[in-house]
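First to last, the sequence lines map onto chains A and B.
Position 5 of the first sequence, counted from 1, bears residue number 5 in the working numbering, the numbering being contiguous throughout.
Position 276 of the second sequence, counted from 1, bears residue number 1276 in the working numbering, the numbering being contiguous throughout.
Just so you know, even glycine gets a beta-carbon here, dropped at the ideal spot from N, CA and C.
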Amino acid sequence: MEKESTLICDKCKVNLSLADVHFSYLDHNFRHKVLRCPECGQVYLSEELVARIKEVETTFEDK
Amino acid sequence: MEKYYEQFKNCIQKEVPFCQASCPFHIEITDFIEKTGRNAYDAAYKTYRNAVTFPAIVAALCPEPCKKNCPRGKEACGGNAIELLGLERTVVKLTENKEPVYYNVPKKKHRAAIIGAGISGLACALRLAAKKYDVEIFEASGRLGGHLWEIADGSPSAGGLTPEVFLAEFELQLKQEDIPIHFNTKVTNLLQKDMERFDAIYVATGKGGHDFGLLKEEAPLTINKNTACFAGGSLTGKDAIEALAEGINMATAIEVYFKTGKSAYPEDKRTTKVQVDPSKLTFIKGPALDEAGCIKAEDVKEESERCLRCQCDSCRIYCDLVSFTGKWPLRIKDEVQATLHDGQADVKAQPAKRLINICTHCGLCDDVCPAEIDMDNMFLEARANLHRLNKMPWAFHDFWLRDMAFADGEQSALIRTPTGVGKSEYAFFPGCQMGASEPRYVSDTYRWLLCKEPSMGILLKCCGTPVKWAGDTKKHADTIDSLRSDWEGLGKPKLVIACPSCMNNISEFLPDVEFISLYEFIEERGGMIPAMRGGAEPWSVFDPCASAGNDSLRKTVRDLAVKAGFKLEALPVQENLSACCSYGGQVSIANPAYADYVIDKRIKESNNPYITYCVNCRDSFLSGGKKSIHILDILFGDDGTGGHAILPTSTERRRNRTELKKAMLKEFWDEDMIEKESKTYIKLKIGPDMKAKLDREHILEEEITEVVQCCETTGRKIELADKATFSGYHRIGHMTYWVEYRCEGDGFELVNAYSHRMKIDLEAVWNGKRVDTDM
């Protein structure tokens, strides 16, 4: 995952920080702490994190 | 679905091999032979002992009923049955650790009396004792073994069995159990006082012994209100082996009585419905036996491999889904049934959602199954049910449905009669993938067709198969209606169809539409001078699964290739049975590894390059690195790569469709196509590696450009300061796409892109001005 200090919300010009974000897929949902702009709420998911999200997707598809 | 579930009652996969059916002990032969096949004697011995109880005695005395039923013993196969007894004797001889297993299970409250310490009584007693029932044996004489003493004379007919051997075997196998044996105790009446404490009695008094009136009864007799009395073994005239087997079976019957209160004699089924593939029945010589009837240790593996393992496995051999998942049809049916059963997803298992979506619908299953079980149509109906129940994961088919929508859209679909022709006698139906994959296949063919048939119209759109595979029956019906209306608009022409799958779909859902395959039409109109000529290299025609049963089409394609000088060699399997190339059922998103497995399996069938007549087959094989051409390459000329065409990406496939329509409108109708205005206006540079990655992940370049544009216009982007790039995401349809990009000149350069199906909730909130929503 990218280092926190290098990720800046271009709109609000503030560093991203870890905060809960809700995800949903196929009537299942969960929440997870990911990097998010404390001002506008925009999130950042790295490709590594998305790879893990894809594993969760597979689990939900098989449920 | 019921009619599909019903057919599984005829599945013979669980039918046992002939030898196992005829064996009094029903030894699990496939398990035993698998173990001997790897010289795992100790393990094989355990399998054998679990079945026969006293291996040393059975190995000596067994009259080998299995041999009479072994297909290898049949005349047609050379009369050389598998030496199962030889293998069993060898296992008994070579096993080092014969110590019986002690089962640490709780003691049971029921008690059983065994009258007679012959082989049948001892087997019954040991089985019950191992399950921790209280067992006592009453023996009139002062020794164990009953009539074994009369036959165990050490002679070859007794398998060399001597009293020393069987007594040692009794001692070995009984050592873990504490069974009181009352020698010199003759029971004269089952109602006598000391019998009252037992819940079951097994009378195994041997040949000519006292039967206490039990033999005249059909069912076990109940005395003292709840003591069930069974009789069996040599008392009923059985030989030693049958008596021993009956003792084992009787233990099971007694246990059933203890557990359920129902007393019945055990059933002994000696039949099987198993069938053997006749092609396996070749003569292979069996091994030599030594004096003791054993096989040499070095021959054990070979003899085990000679066994045909007679179980029905046609589906596993031919059906890719069964072989890939390792699931037998009955399990598949159970999983499908559980998945489609009504109920909340959270509280019930839905194990087959993915399984239902990986059938390629090649239709091979009922052709190869002796019971003609049609899993193909079961899966198709299951998909429709999943869709109806709102349980279908949209991701499995979304990409293909969007592709279909594009193919049927203004930028791709072309439905026309030639200029000046009101009604077409014929119309070319190329299918939606041909022009995407190789536009010249469509334009070159149409040019030729128009020369041969001036009224030849064109109906370039999707036949509706993708929505059928997605289980969306309503949308499929709408697609068919729309297709009918297009066909009527052209003057109800006879369709000249290039894609075998389209032919099947139209034949099934538009039965009044007349059609002919493109290839048969070409032959019918006198053929043509092929642009490509074959050489010395042998090729194989790969018949697409949709051509199954269409002998005329299959022959025509071969004729066309042969006329062009191609030397053809038949594919070993595919020549008669048409399996899928992996495209069918659009399975590659539901299970990419399975799609690769199928492609690989088809490719490996022959080293010859393939000639196909389905563009999806050609593309599948090219994607797997196999040299492949379409029959249209032979007729109209290939792209110069000689069977190694570079496949277009998903993005290029869309462009191909648009370019094809544009070029055809210009050439055949002298019209300029009004191109749809693009949603995007920014410049985004995408390098070849990124293009390949986008293609692998089914991401279109237009979508990615739209995301960058969205980031730039809304300002919603993250600066990755260390890398001097920006990252952002945007949801298009169901999918969320992520981009990483940098500014370059007056545009941008794509650094990375990825996507996910998961929705980031409250995106709308964050997309606009921040509101006080507590996450």
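Chain B contact for residue i (CB, 7 Å cutoff)
i               : result
ASP23 (chain A) : One point to set straight first is that residue 23 (chain A) is Phe, not Asp, in the sequence displayed. Taking Cβ atoms only, chain B reaches closer than 7 Å to PHE23 (chain A), which makes this a yes.
GLU4 (chain A)  : Legend: pLDDT at GLU4 (chain A) = 48, less than 50; position of this residue unreliable, no value from coordinates given.
VAL50 (chain A) : yes
ASN15 (chain A) : no
GLU61 (chain A) : yes
GLU55 (chain A) : no
LEU18 (chain A) : no
LYS33 (chain A) : no
Integer-rounded CB distance, given that residue j should sit under 8 Å from residue i
i                 : j                 : result
TYR44 (chain A)   : MET1758 (chain B) : Between MET1758 (chain B) and TYR44 (chain A) the Cβ distance is about 15 Å, and since that is not below 8 Å, they are no contact.
LYS1475 (chain B) : ASP10 (chain A)   : That belief does not hold up - the Cβ atoms of LYS1475 (chain B) and ASP10 (chain A) are roughly 41 Å apart, past 8 Å.
LYS1461 (chain B) : ASP1486 (chain B) : 7 Å
LEU1495 (chain B) : ALA1413 (chain B) : In fact, because the Cβ distance is near 15 Å, the residues do not count as touching under 8 Å.
VAL1615 (chain B) : TYR1441 (chain B) : 7 Å
ILE1114 (chain B) : ALA1204 (chain B) : 6 Å
TYR1045 (chain B) : THR1095 (chain B) : 4 Å
SER1304 (chain B) : GLY1118 (chain B) : Not really, about 33 Å apart at Cβ, beyond 8 Å.
Beta strand (DSSP E) segment containing residue i, residue limits
i                 : result
PHE1138 (chain B) : 1134 to 1138
ALA1243 (chain B) : From DSSP, ALA1243 (chain B) is part of no beta strand (DSSP E) but of the alpha helix (DSSP H) over 1240 to 1260.
LEU1221 (chain B) : 1221 to 1223
ILE1516 (chain B) : 1515 to 1517
HIS28 (chain A)   : 28 to 36
TYR1737 (chain B) : 1735 to 1744
Range covered by the alpha helix (DSSP H) that runs through residue i
i                 : result
ALA1200 (chain B) : Run containing ALA1200 (chain B): none in the alpha helix (DSSP H); it sits in the beta strand (DSSP E), 1200 to 1203.
SER1314 (chain B) : 1314 to 1318
GLY1435 (chain B) : 1434 to 1437
PRO1065 (chain B) : 1065 to 1069
Spatial distance of residue i from residue j (CA atoms)
i                 : j                 : result
PHE30 (chain A)   : ASN1357 (chain B) : 26 Å
ASN1591 (chain B) : ARG1354 (chain B) : 8 Å
ILE1732 (chain B) : GLN1586 (chain B) : 21 Å
LYS1132 (chain B) : LYS1175 (chain B) : 14 Å
SER1540 (chain B) : GLY1534 (chain B) : 12 Å
CYS1077 (chain B) : GLU1015 (chain B) : 22 Å
ALA1753 (chain B) : ALA1724 (chain B) : 16 Å
LEU49 (chain A)   : ALA1531 (chain B) : 52 Å
ALA1200 (chain B) : GLY1261 (chain B) : 11 Å
ALA1579 (chain B) : LYS1626 (chain B) : 17 Å
LEU1190 (chain B) : GLY1154 (chain B) : 36 Å
THR1790 (chain B) : MET1250 (chain B) : No statement about residue 1790 (chain B) is possible, as the shown extent of chain B runs from 1001 to 1775 and does not include it.
LEU1221 (chain B) : ASP1239 (chain B) : 24 Å
GLU1002 (chain B) : THR1272 (chain B) : 26 Å
CYS1019 (chain B) : PHE1032 (chain B) : 12 Å
LYS1693 (chain B) : THR1047 (chain B) : 52 Å
SER1120 (chain B) : VAL1276 (chain B) : 34 Å
THR1185 (chain B) : GLN1337 (chain B) : 58 Å
VAL1300 (chain B) : LYS1035 (chain B) : 10 Å
CYS1124 (chain B) : PHE1198 (chain B) : 15 Å
THR1473 (chain B) : ASN1377 (chain B) : 14 Å
LEU1148 (chain B) : LEU1128 (chain B) : 22 Å
ASP1384 (chain B) : GLU1267 (chain B) : In the sequence as presented, Asp is not what sits at residue 1384 (chain B); that position holds Ala. Cα to Cα, ALA1384 (chain B) sits roughly 43 Å from GLU1267 (chain B).
Chain A contact for residue i (CB, 7 Å cutoff)
i                 : result
TYR1754 (chain B) : yes
ALA1721 (chain B) : yes
ILE1718 (chain B) : yes
GLY1715 (chain B) : yes
PRO1592 (chain B) : no
GLY1768 (chain B) : Annotation note: pLDDT 49 at GLY1768 (chain B) (below 50); position unreliable, no value reported.
MET1690 (chain B) : no
ASP1277 (chain B) : no
PRO1393 (chain B) : yes
ARG1383 (chain B) : no
LYS1759 (chain B) : yes
ARG1354 (chain B) : yes
ASP1772 (chain B) : Because the pLDDT at ASP1772 (chain B) is just 44, under 50, the model does not fix this residue reliably, and the value given afterwards should be weighed accordingly. Chain A, which has no Cβ nearer than 7 Å to the Cβ of ASP1772 (chain B), makes this no.
Cutoff 7 Å: residue i Cβ touching any chain C Cβ
i                 : result
GLU1217 (chain B) : No chain C appears in this structure, whose protein chains are A and B.
Task: alpha helix (DSSP H) segments (min. 4 residues) lying fully within the segment 1690 to 1725 of chain B - done: 1701 to 1714
Task: In chain order, each alpha helix (DSSP H) run of at least 4 residues that lies wholly inside the segment 1098 to 1158 of chain B - done: 1119 to 1130, 1148 to 1151
Open item on the list: Runs of 4 residues minimum, wholly inside the segment 1582 to 1622 of chain B: which ones carry the alpha helix (DSSP H) assignment?
Closed with: 1592 to 1603
Task: Entirely enclosed beta strand (DSSP E) segments - the segment 1421 to 1483 of chain B, minimum 3 residues - done: 1426 to 1429, 1457 to 1460
TODO: Within the segment 1356 to 1428 of chain B, note down every full alpha helix (DSSP H) run reaching 4 residues or more, in order along the chain.
DONE: 1365 to 1368, 1375 to 1388, 1395 to 1407
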